[in-house]
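**Q** Numbering (the working numbering), first residue to last: 2 to 415. Note that beta-carbon positions come from the ideal geometry of N, C-alpha and C, so glycine has one too. Dropping a structure here in structure tokens format, bear with me for questions.
Here it is, written out as structure tokens:
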């Protein structure tokens, strides 16, 4: 029973955070409309969300086991509870910044705790990967539901009605807090007797390994592509396709669904085909898709605002399908590199992955936002082709480094 309660609150936590983290594109589109900021200013929200995740993960990872996972998660839920209420009653661009700051800090605590707790509540490696996959899968469900939950609160007459969604989210956070407080778990975990400086030294010591260096760049480029598209699609839909606010958010859900489908497909394909072939073909297909669609789009062709699914042009459905091609890239890169590193380096490596992913997301979103403002959405999306090409080059390098290191190992045996 106790394990069931822990698992239940892990699921609710991940679900709520998936909604909050991925609402950044929705809140950016709303901020531009309601608070009158421009695209470049609005893109700062991504930094308020991502940088705290990186900073907190970096400094807290080593002493989280000593602080206790339960306390860490309760603290995270309290922080985000007040963040949601602040957004609901603050109703300003500043309260949006503070809300994402609270989400970033809390998510770092939750993610680190969840990753560690999964090992505690499962017995075998099979159970571990099953629970991990289902929690991550549930995260995807949360992402997709954000695109339906937010528009459900939109109103044509009251431009502040959408803020009520934060009362619902605060309620879910409170529910999770209660389940967690009532489940009598207090897990002591074995802590490696390390201190923060050792951890940081170990993380940065990894950067000198060529494989790790190239991998960090590829993770950085990938997240730049993913966040660039994910964060700016609702705004792109509004500006380029002239969708209504509600429709542009709902159409962006196709991206989340195709990302989820792409991840599952990759898991199945990777058993049959080499990882580098999958990643490179996916990247090439993504470029082809962008080059096929973008030239056909002109900003605001339709003066009439489209508000129902039946009005959506074919291209509106095709663009978000890029998720199918970019989704398999990240998990395959992560698992390839982790499986070629010794076990004791996995933790510092995960820290590096989180940090550089956050930087890639912030910088990618900022660049797309600035380009969006200065040269328009269609041209801004062309920019995404550059990191995709750089990603393909990194993958070829990673493949070569792995081949070389395996060749060296074989020579050593002979």
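How far does the alpha helix (DSSP H) with residue 70 in it extend, from its first residue to its last?
**A** Working through the chain shown from its first residue, we reach residue 70 at position 69. 70-91 is the extent of the alpha helix (DSSP H) around residue 70.
**Q** Whose C-alpha, out of 123, 150, 70, 5, is nearest the C-alpha of residue 23?
**A** Within the chain shown, the letter at position 22 stands for residue 23. Of the candidates 123, 150, 70, 5, the one whose C-alpha sits nearest the C-alpha of residue 23 is 150.
**Q** Enumerate in chain order the residues of its own chain whose CB-to-CB distance from residue 113 is below 7 Å, with the five nearest sequence positions on each side excluded.
**A** Numbered from its first residue, the chain shown carries residue 113 at position 112. For residue 113, where only same-chain residues beyond five positions count, the Cβ hits under 7 Å are 58, 61, 62, 65.
**Q** DSSP puts residue 307 in a beta bridge; with which residues?
**A** As a first step, residue 307 is located in the chain shown; it is residue number 306 there, counting from the start. Per DSSP, 244.
**Q** Return the CA-CA distance between residue 52 and residue 415, expressed in angstroms with no decimal places.
**A** Working through the chain shown from its first residue, we reach residue 52 at position 51. Working through the chain shown from its first residue, we reach residue 415 at position 414. Each residue's alpha carbon lies about 48 Å from the other.
**Q** Check for me: the alpha helix (DSSP H) holding residue 383 runs from which residue to which?
**A** Translated into the one-based positions of the chain shown, residue 383 becomes position 382. Looking at the DSSP string, the run of the alpha helix (DSSP H) that includes residue 383 is 378-383.
**Q** Output the distance between the C-alpha atoms of residue 250 and residue 34, rounded to the nearest integer angstrom.
**A** Within the chain shown, residue 250 is the residue found at index 249, counting from 1. Within the chain shown, residue 34 is the residue found at index 33, counting from 1. Distance between the alpha carbons of residue 250 and residue 34: 14 Å.
**Q** Return the residue from the list 340, 323, 283, 8 that minimises the CA-CA distance to residue 177.
**A** The residue you call residue 177 lines up with position 176 of the chain shown. Checking every option, the nearest Cα to that of residue 177 belongs to 8.
**Q** When the distance is taken between beta carbons, is residue 350 closer than 8 Å to residue 342?
**A** For the purposes of this step, residue 342 is taken as residue 341 along the chain shown, with counting starting at 1. For the purposes of this step, residue 350 is taken as residue 349 along the chain shown, with counting starting at 1. Yes; because the gap between Cβ atoms is below 8 Å, this pair is in contact.
**Q** Roughly how many angstroms lie between the CA atoms of residue 292 and residue 230, to the nearest whole one?
**A** Counted from its first residue, the chain shown places residue 292 at position 291. Counted from its first residue, the chain shown places residue 230 at position 229. Their backbone Cα atoms lie some 15 Å apart in a straight line.
**Q** In chain order, what residues of the same chain have a beta carbon less than 7 Å from the beta carbon of residue 279, not counting five sequence neighbours either side?
**A** Residue mapping note: residue 279 aligns to position 278 of the chain shown, counting from 1. Answer for residue 279: 267, 270, 271, 329, 333, listed in chain order.
**Q** Could you spell out where the alpha helix (DSSP H) holding residue 276 opens and where it closes?
**A** Start at 1 with the first residue of the chain shown, and residue 276 comes out as number 275. Where residue 276 is concerned, the enclosing alpha helix (DSSP H) stretches over 276-294.
**Q** Can you give the Cα-Cα distance for residue 14 and residue 174, rounded to whole angstroms?
**A** The count along the chain shown starts at 1 and reaches residue 14 at position 13. The count along the chain shown starts at 1 and reaches residue 174 at position 173. Cα to Cα, the separation comes out at about 7 Å.
**Q** Ignore the nearest five residues each way along the sequence and tell me which others in residue 192's own chain have a CB closer than 7 Å to its CB.
**A** For the purposes of this step, residue 192 is taken as residue 191 along the chain shown, with counting starting at 1. With a pLDDT of 49 at residue 192, under the threshold of 50, the predicted position of this residue should be treated as unreliable, though the coordinate-derived value follows. Closer than 7 Å at the Cβ level, and outside the excluded window around residue 192, lie 66, 67.
**Q** To the nearest angstrom, report how far apart residue 199 and residue 77 are at their CA atoms.
**A** Here residue 199 corresponds to residue number 198 of the chain shown, with the count starting at 1. Here residue 77 corresponds to residue number 76 of the chain shown, with the count starting at 1. Taking the straight line from one Cα to the other gives about 25 Å.
**Q** Output needed for residue 247: all residues of its chain with C-beta closer than 8 Å, excluding positions within five of it in sequence on either side, in chain order.
**A** For the purposes of this step, residue 247 is taken as the residue at position 246 of the chain shown. Result list for residue 247: 152, 155, 308, in chain order.
**Q** Please classify residue 12 as buried or exposed, where buried requires at least 16 neighbouring CB atoms within 10 angstroms.
**A** Taking the first residue of the chain shown as 1, we reach residue 12 at position 11. Classification of residue 12: buried, given that the 10 Å Cβ count is 16 or more.
**Q** Within 10 angstroms of its Cβ, does residue 238 collect 16 or more other Cβ (buried), or is it exposed?
**A** Working through the chain shown from its first residue, we reach residue 238 at position 237. The residue is buried, with at least 16 neighbouring Cβ atoms inside 10 Å.
**Q** Enumerate in chain order the residues of its own chain whose CB-to-CB distance from residue 194 is below 7 Å, with the five nearest sequence positions on each side excluded.
**A** Here residue 194 refers to the residue found at position 193 of the chain shown. Confidence at residue 194 is low in this model, with a pLDDT of 46, below 50, so its placement is unreliable and the value that follows should be read with caution. Taken in chain order, the list of residues that qualify is empty.
**Q** Of the residues 255, 82, 222, 212, which one's Cα is nearest the Cα of residue 419?
**A** The structure shown does not extend to residue 419, since the chain is modelled only from 2 to 415, so the question has no answer here.
**Q** Just to confirm, are residue 141 and residue 257 a CB contact at a threshold of 8 Å?
**A** Residue 141 sits at position 140 when you count from the first residue of the chain shown. Residue 257 sits at position 256 when you count from the first residue of the chain shown. Yes, Cβ-Cβ distance for residue 141 and residue 257 is below 8 Å.
**Q** Give the DSSP-derived three-state secondary structure of residue 192 in the structure shown.
**A** Position 191 of the chain shown, counted from the first residue, corresponds to residue 192. Interpretation of residue 192 is limited by its pLDDT of 49, a score under 50 that renders its predicted location unreliable; no figure is taken from the coordinates.
**Q** For residue 363, count neighbouring C-beta atoms within 10 Å of its own C-beta (all shown protein chains included) and say buried if the count is 16 or more, exposed if not.
**A** Along the chain shown, read from residue 1 onward, the residue named residue 363 stands at position 362. So residue 363 counts as buried.
**Q** With a threshold of 16 other CB atoms inside 10 Å of the CB of residue 337, please say whether the residue is buried or exposed.
**A** As a first step, residue 337 must be located in the chain shown, where it is residue number 336. Its Cβ being crowded by 16 or more others within 10 Å, residue 337 is buried.
**Q** Under three-state DSSP, which class holds residue 312?
**A** For the purposes of this step, residue 312 is taken as residue 311 along the chain shown, with counting starting at 1. In the structure shown, residue 312 sits in a helix (DSSP, three-state: H, G or I).
**Q** Out of curiosity, what's the CA-to-CA distance linking residue 283 and residue 401?
**A** Residue numbering aside, residue 283 sits at position 282 when the chain shown is read from its first letter. Residue numbering aside, residue 401 sits at position 400 when the chain shown is read from its first letter. Going from the Cα of residue 283 to the Cα of residue 401 covers about 19 Å.
**Q** Would residue 124 be called buried (16 or more neighbouring beta carbons within 10 Å of its own) or exposed?
**A** Translated into the one-based positions of the chain shown, residue 124 becomes position 123. Label assigned to residue 124: exposed.
**Q** Return the chain-ordered list of same chain residues with a C-beta closer than 6 Å to the C-beta of residue 211, the five sequence neighbours on each side being excluded.
**A** Position 210 of the chain shown, counting from 1, holds the residue named residue 211. So the qualifying residues of the chain are 402.
**Q** Report buried or exposed for residue 399, applying the criterion of at least 16 other Cβ atoms within 10 angstroms of its Cβ.
**A** Indexing the chain shown from 1 puts residue 399 at position 398. With 16 or more other Cβ atoms within 10 Å, it is buried.
**Q** Run through DSSP, which three-state label would residue 64 get?
**A** Taking the chain shown and counting its residues from 1, one reaches residue 64 at position 63. Note: residue 64 maps to coil in three-state DSSP.
**Q** For residue 134, count the other beta carbons within 10 Å of its own beta carbon; 16 or more makes it buried, fewer makes it exposed. Which is it?
**A** The residue you call residue 134 lines up with position 133 of the chain shown. Exposed.
**Q** Can you confirm whether the region 101-108 touches the region 205-225 when touching is taken to mean that 3 or more C-beta pairs between the two stretches lie within less than 8 Å?
**A** No: fewer than three Cβ pairs fall under 8 Å.
**Q** Compute the Euclidean distance between the alpha carbons of residue 163 and residue 220, then round it to the nearest angstrom.
**A** Mapped onto the chain shown, residue 163 falls at position 162. Mapped onto the chain shown, residue 220 falls at position 219. Rounded to the nearest angstrom, the two C-alpha atoms are 34 Å apart.
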